[in-house]
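Q:
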Amino acid sequence: MTDPDAPGDHTPPRTNWLAVSALVVAAVAAAFQIGKAPSALPVMRAELGLSLDEGVWIISIFNLLGITLGMIAGAFGDRLGHRRLIAFGFLAMAAASFAGATAEGFSTILAGRVLEGLGFIVVASVAPPLLMRFGAPRHQRLIFGIYSGYWPAGVAVMILVTPMVMGAVGWRGLWHLNGILVLAVMLFVLWATRAPGEPAAASGPAPLGQALRTFLHRGPMLLAVTFGVYSSIHVTVVALLPTFYTEADTLGLGAASALAALVAVVNVGGNLVAGIAMYRGVSRTLLIVGTFALIAASALLMYDDGLGFGVRLSAAIFLSFIAGMIPACLFAATPIMAPAPTLVGATTGLMMQGSQLGQLVGPVAMAWVVTATGSWDFGPVTLVVAAAAGILLAFALRGIERRTAPQPGLA
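Per the working numbering: the sequence shown = residues 224 to 634.
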C-alpha cells in the first residue's frame, strides 16, 4: 500500500470507509471551533471586559484567515503531504484552545482564535484530497456529499451544546474540552489513515508556485466563485433570520435564534441527498441549476409579508435544505477542475477562500438593501441575483468539465 503522506494521485480499488469516516469527523471537529464562539461570546465579553467590536473580531477572524490563506494551506498540503498537514492543523487547534482557556484579555484570546482559524483552514483544505486517497472512484460523489455537511453540522452542534457545557464548566472549560477533543480526533485520524512504509519525499514546485498555478486556472476559480455565491446566500439567510423574525414577525430573540439554528442544520440533509443523487448518476449540472432556481423561488416566498408565518418559515427551511446540494456538487467536481491531481488541495483551499468571501459579502449586501429601502420586502433581491449568477456559473463549469473529462454522468 502506498504511503498516504506521499503527494500524488492514488485511487484505491476499494473504499476505506474507516478512513473516510475519520476524515469526516475531523472536518466536523474543526468546524466546532467556529460554532463554539458565538454562544460563548456574551459570557466572554462580561468576564474579559471586551467591547462589541472586539467580540466581533473573535468571531470573524476565521473569515479573514479563510479569505487569505485557504489556497496556500491546500498548496502546502499538496507539497508536503496531506496527512502530515492535517496533524499540524489539529495540533494548532488544540494549542490554541488550551491557550485561549487561560486568556485574561482581548489580545490573548484573539491570538488563540487566529491559531484556531489556521488549524481549521488546514484541516478543511487537506481533508478532500485525503478522501480521494481512500475513496474508490465509484464512491467519491457519495463521499463528498457526506463530507460537504461538515460545516453546518459542526457549527449547529456547537451552538446547541455550548450553553449546556458552559453551564457546567464555564467558557474556559469549553475551550479545554475542545482542546482535548481535537487531540483525540487527531489520533483517531492518524490511526485510521495509517499505512506501512516510510513517508516518500515530496517533490515538485514550491507551494506558492502551486497556489499561483491554481489561481490562474479557470476551473478552480469558477469553483471558488460558485462556492462564494452559495455561501453568500446560505449564510445571509441564517445570519439575518433572527433579526428578520424579530423585526418583521415580532418574535422573541430566543425563539428566533432557535428557528435560525433549525434552518441552518437542515442544510446537512441537502448535502446527503446530493451525494446520493450523484452516486446514482444524476447530472451535477442539473442538480446545481435546479437548486439555484429553487433557492430563488424560496427566497421570494420567505420574505413575502403577504404570506403566513408558517409558509415563510417553511420556505426558509426548504431554501437551506436544498442549498446544501451545492457544496456537495462542487466538492465532487474538484478532482476534475484541479489543474493536476497533485493540486486538489490547492483547489479546495481556493474554494474555501471563495466561501469565506461570500460569507462576508452576502449579509452586508442584504443589510445595505434593507437599510436603503427601509423594508425587508426588498431583501430577497440580493438572493435572487446571486442565484441567477449561480445558474450561469453552473453552465460555465459544465463547459470546462466536458472539455477536461468527457465521461458519462460527470457533466
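The beta-carbon is built from N, C-alpha and C at its ideal position, and this holds for glycine as well.
According to DSSP, simplified to helix, strand and coil, what is D600?
A: Your numbering for residue 600 matches position 377 in the sequence shown. Helix, per DSSP.
Q: Kindly give me the distance between the Cβ atoms of T449 and M589, rounded to whole angstroms, as I take these residues to be in contact under 8 Å.
A: The residue you call residue 449 lines up with position 226 of the sequence shown. The residue you call residue 589 lines up with position 366 of the sequence shown. Rounded, the Cβ-Cβ distance is 19 Å, inconsistent with contact.
Q: From which residue to which residue does the alpha helix (DSSP H) around L536 run?
A: Position 313 of the sequence shown, counted from the first residue, corresponds to residue 536. Note, L536: alpha helix (DSSP H), 532-546.
Q: Less than 8 Å between the CB atoms is what I'm expecting for M316 and A253, so what's the real figure, rounded?
A: By 1-based counting over the sequence shown, the position of residue 316 is 93. By 1-based counting over the sequence shown, the position of residue 253 is 30. Indeed, because the Cβ distance is near 7 Å, the residues count as touching under 8 Å.
Q: Roughly how many whole angstroms lie between the Cα atoms of G585 and S454?
A: Translated into positions along the sequence shown, residue 585 becomes position 362. Translated into positions along the sequence shown, residue 454 becomes position 231. Their backbone Cα atoms lie some 8 Å apart in a straight line.
Q: Which one of A522, F467, T557 has the shortest CA to CA distance from R364?
A: On the sequence shown, residue 364 is found 141 positions in, with the first residue counted as 1. It is T557 whose Cα lies nearest to the Cα of R364.
Q: Assuming the contact rule is C-beta atoms closer than 8 Å, V567 and P351 should be a hit. Round their C-beta distance to whole Å, please.
A: In the sequence shown, residue 567 corresponds to position 344, counting from 1. In the sequence shown, residue 351 corresponds to position 128, counting from 1. Right, the Cβ-Cβ distance comes to about 6 Å (below 8 Å), so this counts as a contact.
Q: I need the DSSP call for D528, collapsed to helix, strand or coil.
A: The residue labelled residue 528 in the question sits at position 305 within the sequence shown. Three-state result, D528: coil.
Q: I need the boundaries of the alpha helix (DSSP H) containing N239, first residue and last residue.
A: Within the sequence shown, residue 239 is the residue found at index 16, counting from 1. Counting along the chain, N239 falls outside any alpha helix (DSSP H), and DSSP gives it neither H nor E.
Q: Of the choices I623, G342, I456, whose alpha-carbon is the least far from that of A610?
A: By 1-based counting over the sequence shown, the position of residue 610 is 387. Minimum Cα distance to A610 is reached at I456.
Q: Sort L542, A619, I549, V592 by Cα distance to G372 and report the nearest one.
A: Looking up residue 372 in the sequence shown gives position 149. Closest by alpha carbon: I549.
Q: Which residue wins for smallest C-alpha separation from A412, given the options F601, I623, L241, R237?
A: Numbered from 1 along the sequence shown, position 189 holds the residue referred to as residue 412. The identity of residue 412 in the sequence shown is Val, whereas the question assumes Ala. Cα-wise, what sits closest to V412 is L241.
Q: Would the beta-carbon of V488 fall within 8 Å of that of M389?
A: Your numbering for residue 488 matches position 265 in the sequence shown. Your numbering for residue 389 matches position 166 in the sequence shown. Not a contact, by the Cβ cut-off of 8 Å.
Q: For I403, does the count of other Cβ atoms within 10 angstroms reach 16, so buried, or fall short, so exposed?
A: On the sequence shown, position 180 is the one that residue 403 refers to. Answer is exposed; the Cβ neighbour count stays below 16.
Q: Can you name the start and end residues of the alpha helix (DSSP H) that A500 belongs to?
A: Mapped onto the sequence shown, residue 500 falls at position 277. 490-502 is the extent of the alpha helix (DSSP H) around A500.
Q: Answer yes or no: do F299 and L308 have a C-beta to C-beta separation smaller than 8 Å?
A: Looking up residue 299 in the sequence shown gives position 76. Looking up residue 308 in the sequence shown gives position 85. Yes, these two residues count as a Cβ contact at 8 Å.
Q: Using 8 Å as the threshold, is the region 534-546 in touch with the region 518-526, meaning 3 or more CB pairs across them?
A: Result yes; three or more Cβ-Cβ pairs closer than 8 Å.
Q: Got a sec, what are the start and stop residues for the alpha helix (DSSP H) T416 sits in?
A: Start at 1 with the first residue of the sequence shown, and residue 416 comes out as number 193. Taken as a continuous stretch (DSSP letters only), T416 belongs to no alpha helix (DSSP H), as it is neither H nor E.
Q: Cα separation between T594 and L314?
A: In the sequence shown, the residue the question calls residue 594 occupies position 371. In the sequence shown, the residue the question calls residue 314 occupies position 91. Near 43 Å, if we compare the C-alpha coordinates of L314 and T594.
Q: Buried or exposed: where does F618 fall if 16 or more other Cβ atoms within 10 Å of its Cβ makes it buried?
A: As a first step, residue 618 is located in the sequence shown; it is residue number 395 there, counting from the start. That one is exposed.
Q: Keeping to the same chain, check which residues put their C-beta closer than 7 Å to that of G451; ignore five residues upstream and five downstream.
A: Mapped onto the sequence shown, residue 451 falls at position 228. Once the five neighbours on either side are set aside, the close Cβ partners of G451 are G577, S578, L580, G581.
Q: Tell me whether the beta-carbon of A347 lies closer than 8 Å to the beta-carbon of M560.
A: On the sequence shown, residue 347 is found 124 positions in, with the first residue counted as 1. On the sequence shown, residue 560 is found 337 positions in, with the first residue counted as 1. Contact flag unset, no.
Q: Would I623 pass as a contact of L445 if the rule is Cβ separation under 8 Å?
A: As a position in the sequence shown, residue 623 is number 400, starting the count at 1. As a position in the sequence shown, residue 445 is number 222, starting the count at 1. Yes. Within cutoff.
Q: Starting from V337 and walking both ways along the alpha helix (DSSP H), at which residues does that stretch end?
A: Here residue 337 refers to the residue found at position 114 when the sequence shown is read from its first residue. Its alpha helix (DSSP H) spans residues 329-357.
Q: Rounded to whole angstroms, what is the Cα-Cα separation between G513 and R507?
A: Residue numbering aside, residue 513 sits at position 290 when the sequence shown is read from its first letter. Residue numbering aside, residue 507 sits at position 284 when the sequence shown is read from its first letter. Using only the alpha carbons, I get a separation of about 10 Å.
Q: Cα-Cα, which of L406, W414, W280, L517 is closest to L333?
A: Residue numbering aside, residue 333 sits at position 110 when the sequence shown is read from its first letter. That would be W280, whose Cα lies nearest to the Cα of L333.
Q: So, helix, strand or coil for L283, using DSSP?
A: Within the sequence shown, numbered from 1, the residue matching residue 283 stands at position 60. Per the sequence shown, the amino acid found at residue 283 is Ser instead of Leu. Three-state DSSP puts S283 in a helix.
Q: Quick check: L542 and S521, are their CB atoms within less than 8 Å of each other?
A: The residue given as residue 542 occupies position 319 in the sequence shown. The residue given as residue 521 occupies position 298 in the sequence shown. Yes. Within cutoff.
Q: Measuring alpha carbon to alpha carbon, tell me which residue in A546, L354, R268 is nearest V243.
A: Here residue 243 is taken as the residue at index 20 of the sequence shown, counted from 1. With distances taken between Cα atoms, V243 lies closest to L354.
Q: By how many angstroms is the C-alpha of G304 removed from the C-alpha of L485?
A: For the purposes of this step, residue 485 is taken as residue 262 along the sequence shown, with counting starting at 1. For the purposes of this step, residue 304 is taken as residue 81 along the sequence shown, with counting starting at 1. Spanning the two alpha carbons is a distance of roughly 37 Å.
Q: Looking only at C-alpha atoms, which of D600, A407, A379, W591 sits nearest to P261?
A: Mapped onto the sequence shown, residue 261 falls at position 38. The option with the nearest alpha carbon to P261 is A379.
Q: Determine the burial state of S330: buried for a count of at least 16 other Cβ atoms within 10 Å of its Cβ, exposed for fewer.
A: Taking the sequence shown and counting its residues from 1, one reaches residue 330 at position 107. With fewer than 16 Cβ atoms within 10 Å of its Cβ, S330 is classed as exposed.
Q: Can the beta-carbon of G340 be found less than 8 Å from the beta-carbon of F285?
A: Position 117 of the sequence shown, counting from 1, holds the residue named residue 340. Position 62 of the sequence shown, counting from 1, holds the residue named residue 285. Yes; because the gap between Cβ atoms is below 8 Å, this pair is in contact.
Q: Would you kindly work out how many angstroms separate the C-alpha atoms of W398 and S320, rounded to a whole number?
A: The residue you call residue 398 lines up with position 175 of the sequence shown. The residue you call residue 320 lines up with position 97 of the sequence shown. Distance between the alpha carbons of W398 and S320: 5 Å.
Q: Consult DSSP for H399 and reduce its assignment to one of helix, strand or coil.
A: As a working mapping, residue 399 is identified with position 176 in the sequence shown. Of the three classes helix, strand and coil, the one that applies to H399 here is helix, per DSSP.
Q: Looking at the structure shown, is R304 part of a helix, part of a strand, or coil, going by DSSP?
A: Translated into the one-based positions of the sequence shown, residue 304 becomes position 81. Before going on, a small fix: residue 304 reads as Gly here, not Arg. It is coil, neither helix nor strand.
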